[in-house]
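Each remark here refers to the structure printed beneath this line.
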Amino acid sequence: MGDIQLLAALAPVILLLMLGVTAALASRAMGLSPIVGYLMLGLGLRFAGLNMVLDGGTIAILAALGVVFLLFDIGLDFSFAHIRAHASDIFGLGPVQVLAGTMVFCGLALLAGFPLAAALIIGATLALSSTAVVARLIAERHQQNCPVGLTATAILIFQDVAAIFLLIVAGALETHTPLLPALGIALAKAAAAFGVALLLGRFVVRPAFAMIARSRNEEVFTGIALLVALAAGWATGSVGLSLTLGAFLGGMIIAETPYRVVVQSEIKPFRGLFLSFFFIAVGLSIDVAALLRVWPALIGVTAVLITAKIAANAAASFSFRWSAPGSTQLSFLLAQGSEFAFVILSLSPIRQLVGERASAVLIASVAISLAVTPTLAEAGRNLAGRMRLRRPVLADPELKPHAEIEPVFIAGMGSAGRTLADALQAFGIGYAAIERDERRLRRAVADGYKVGFGDFADPRIWGPIALHGRRISVLTTPSFEVSHELSSSMLDLYPALTRIVIVHDEVEAKRFSSIGMLTVIDRSVPAGLDVAELVLRQLGVEPAKIARWLVDEVARSLGPRPARAEAA
Numbered sequence: 034m035g036d037i038q039l040l041a042a043l044a045p046v047i048l049l050l051m052l053g054v055t056a057a058l059a060s061r062a063m064g065l066s067p068i069v070g071y072l073m074l075g076l077g078l079r080f081a082g083l084n085m086v087l088d089g090g091t092i093a094i095l096a097a098l099g100v101v102f103l104l105f106d107i108g109l110d111f112s113f114a115h116i117r118a119h120a121s122d123i124f125g126l127g128p129v130q131v132l133a134g135t136m137v138f139c140g141l142a143l144l145a146g147f148p149l150a151a152a153l154i155i156g157a158t159l160a161l162s163s164t165a166v167v168a169r170l171i172a173e174r175h176q177q178n179c180p181v182g183l184t185a186t187a188i189l190i191f192q193d194v195a196a197i198f199l200l201i202v203a204g205a206l207e208t209h210t211p212l213l214p215a216l217g218i219a220l221a222k223a224a225a226a227f228g229v230a231l232l233l234g235r236f237v238v239r240p241a242f243a244m245i246a247r248s249r250n251e252e253v254f255t256g257i258a259l260l261v262a263l264a265a266g267w268a269t270g271s272v273g274l275s276l277t278l279g280a281f282l283g284g285m286i287i288a289e290t291p292y293r294v295v296v297q298s299e300i301k302p303f304r305g306l307f308l309s310f311f312f313i314a315v316g317l318s319i320d321v322a323a324l325l326r327v328w329p330a331l332i333g334v335t336a337v338l339i340t341a342k343i344a345a346n347a348a349a350s351f352s353f354r355w356s357a358p359g360s361t362q363l364s365f366l367l368a369q370g371s372e373f374a375f376v377i378l379s380l381s382p383i384r385q386l387v388g389e390r391a392s393a394v395l396i397a398s399v400a401i402s403l404a405v406t407p408t409l410a411e412a413g414r415n416l417a418g419r420m421r422l423r424r425p426v427l428a429d430p431e432l433k434p435h436a437e438i439e440p441v442f443i444a445g446m447g448s449a450g451r452t453l454a455d456a457l458q459a460f461g462i463g464y465a466a467i468e469r470d471e472r473r474l475r476r477a478v479a480d481g482y483k484v485g486f487g488d489f490a491d492p493r494i495w496g497p498i499a500l501h502g503r504r505i506s507v508l509t510t511p512s513f514e515v516s517h518e519l520s521s522s523m524l525d526l527y528p529a530l531t532r533i534v535i536v537h538d539e540v541e542a543k544r545f546s547s548i549g550m551l552t553v554i555d556r557s558v559p560a561g562l563d564v565a566e567l568v569l570r571q572l573g574v575e576p577a578k579i580a581r582w583l584v585d586e587v588a589r590s591l592g593p594r595p596a597r598a599e600a601a
């Protein structure tokens, strides 16, 4: 009997996995986000009368987990260092953009006849943009470090936090309590949760991860990542807050540790898989027959959504003295609705407040706006380009240079890795590094080096460490067998990346050279001077300056090596 029940529970999961993979591949082939493919799949299943796949409740649970893991992943990028670096955009332009959008859409909703409470919910929900779609577009176009990309990311971070509190408000409506007192209590609980999260991160999570790293058990990292995400969500849910807030805090806890990169690589498959179930479930919840009867209204609402969003975004960016071209590009990039709209407008109390028909139309309009986002973003980019051709470039403050991704990535922070890091620091060149040995990691962090935990031989980690934006990677303790196995994939994914490896003799040098890697037989004292010289030359540093630094470093090595003052 148990096998029969298991088969019945697995059948809808297998069906949706198969159809989900097909939808993702088809949407990518058409130049659309997989999110759109999942939504269309859900709509198709509903139209075909197959929405009974949700009857067992399994898909609904997986869909809810998708949102939890999305917020956990967002939290992993929300460290206090990130907040400080982009505080003006996160706490300045972000709130202004959300407020402008909320006011515009709230006013339109009031004109359409909605009551004030419903209009506020609609306004705040539609003011948000899609983190999933925009972040993917920014990455695909390699705009992570251009002014528009950086500012859009900062705004999206604020919007994600705002969405969490919007979900808290929606939960308060479900209990039929007065809105303002409920919001005040929720904010107080959330503030307490942030405080508890900071304490747990410092005194519990960080030591626990250090212990796990010493065990060298890779499977445990997957388990601990799932544990932190789910346990944090459960904890906040148990005190009357949303599961998503706890998941966000769980990610934020780990973001403050050297283990963020490896956790992000472990959690990414779960986030993508469960989130696909969520978008399919949203599509399944849309009444296609009802929408077909109101398709003119659907097209009109979508047009108003995009137009009003562009206007509100432009007004917010103009208020921060962005130029017309920059405001145009930013406004078009953020002109879609948010995936959080599917969550918020699908909640029972919100559907009752807004109306079933209106909720369905708004959800469908947001889905269409996601589908046309790549086209809109490209149109805004082209329009901004034409506008800039007719005006002086120096008049655009958002075109001032921003810090780029650190050009050098160091795998292994032993003596050679540290020397290379010192050389790059001496010439003002940024770097990032990982170390798989927990003891060396702990010592490097204590001495102020910028290093995280991870194994460069794991391809899952290449995305989280932003290898696509690096110019040079340096392996300080390589394995030829591993490098040979991964060489083809790395060349396909990162053809412009210069790969340098430290070897012991000519035999090793020939082997690594055969797979396209630059080799250094490092016999210097201290270790790492030879590879540091090569890397600096590759980056265009003047030979005379390199020679002076080498002399100073050799002289300095004769005495005790001073600890670095900078924090990691």
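First residue of the sequence shown? That's 34 in our numbering, and the numbers climb one at a time after it. C-beta: ideal position from N, C-alpha, C; glycine also.
Counterpart residues of residue i in DSSP-defined beta bridges
| i | result |
| --- | --- |
| Y71 | DSSP lists no partner for Y71. |
| E468 | F486 |
| I498 | Per DSSP, none; premise fails for I498. |
| A444 | I467, L508 |
| R79 | Note: R79 sits in no beta bridge, so no partner. |
| I535 | V553 |
Same chain only: Cβ atoms within 6 Å of residue i, ignoring 5 sequence neighbours per side
| i | result |
| --- | --- |
| P430 | With a pLDDT of only 45 at P430, under 50, the local geometry of the prediction cannot be trusted, and the value read off the model is given with reservation. So the list is empty, once near-sequence residues are dropped. |
| M285 | G108, F111 |
| F513 | R544 |
| S309 | G53, Y71 |
| V137 | A341, A345 |
Beta-carbon proximity check, residue i vs residue j, cutoff 8 Å
| i | j | result |
| --- | --- | --- |
| I443 | V507 | yes |
| T277 | L159 | no |
| F303 | L259 | yes |
| G463 | T509 | no |
| S350 | L126 | yes |
| S371 | S121 | no |
| A417 | Q362 | yes |
| G413 | F365 | yes |
| V321 | F80 | yes |
| A241 | R475 | no |
| A96 | F311 | yes |
| A246 | F486 | yes |
| L567 | V553 | yes |
| A449 | G561 | yes |
| A410 | L189 | no |
| L98 | F254 | no |
Residue i burial status per 10 Å Cβ neighbour count (16 or more: buried)
| i | result |
| --- | --- |
| W328 | exposed |
| R293 | buried |
| T55 | exposed |
| L74 | buried |
| V540 | exposed |
| A479 | exposed |
| F124 | exposed |
| E468 | buried |
| D585 | exposed |
| R117 | exposed |
| G182 | buried |
| P180 | buried |
Reference residue i; option with closest CA among the options
| i | options | result |
| --- | --- | --- |
| L317 | R469, G77, Q369 | G77 |
| V315 | S112, A374, A165 | A374 |
| Q369 | I535, R532, T164 | T164 |
| G481 | A265, V334, Q458 | Q458 |
| A265 | S248, L524, L233, A347 | L233 |
| N484 | R504, A454, I505 | First, the amino acid is wrong: residue 484 is Val here, not Asn. The shortest C-alpha separation from V484 is found at A454. |
| R390 | L378, A400, I401 | L378 |
| A196 | S402, I37, I155 | I155 |
| T290 | E471, T335, C139 | E471 |
| S381 | A142, I401, A203, I68 | A203 |
| V29 | L500, T406, A542 | What is shown of the chain runs 34 to 601, which leaves residue 29 out entirely. |
| H537 | I579, S547, D555, A466 | D555 |
Neighbourhood of residue i by C-beta distance below 7 Å, restricted to the same chain and skipping five residues each side
| i | result |
| --- | --- |
| L331 | L324, V394, A397, S398 |
| S557 | D563 |
| I287 | L109, V238, V261, R293, V296 |
| A268 | G279 |
| P148 | none |
| P358 | A417, M420, R421, D429 |
| I47 | none |
| R589 | none |
| L524 | G549 |
Contact test: residue i Cβ vs the ligand FAD heavy atom, cutoff 7 Å
| i | result |
| --- | --- |
| L474 | This structure does not include the ligand FAD; it has no bound ligands of any sort. |
Proximal residues to residue i (C-beta, below 8 Å), its chain only, five neighbours per side dropped
| i | result |
| --- | --- |
| L50 | none |
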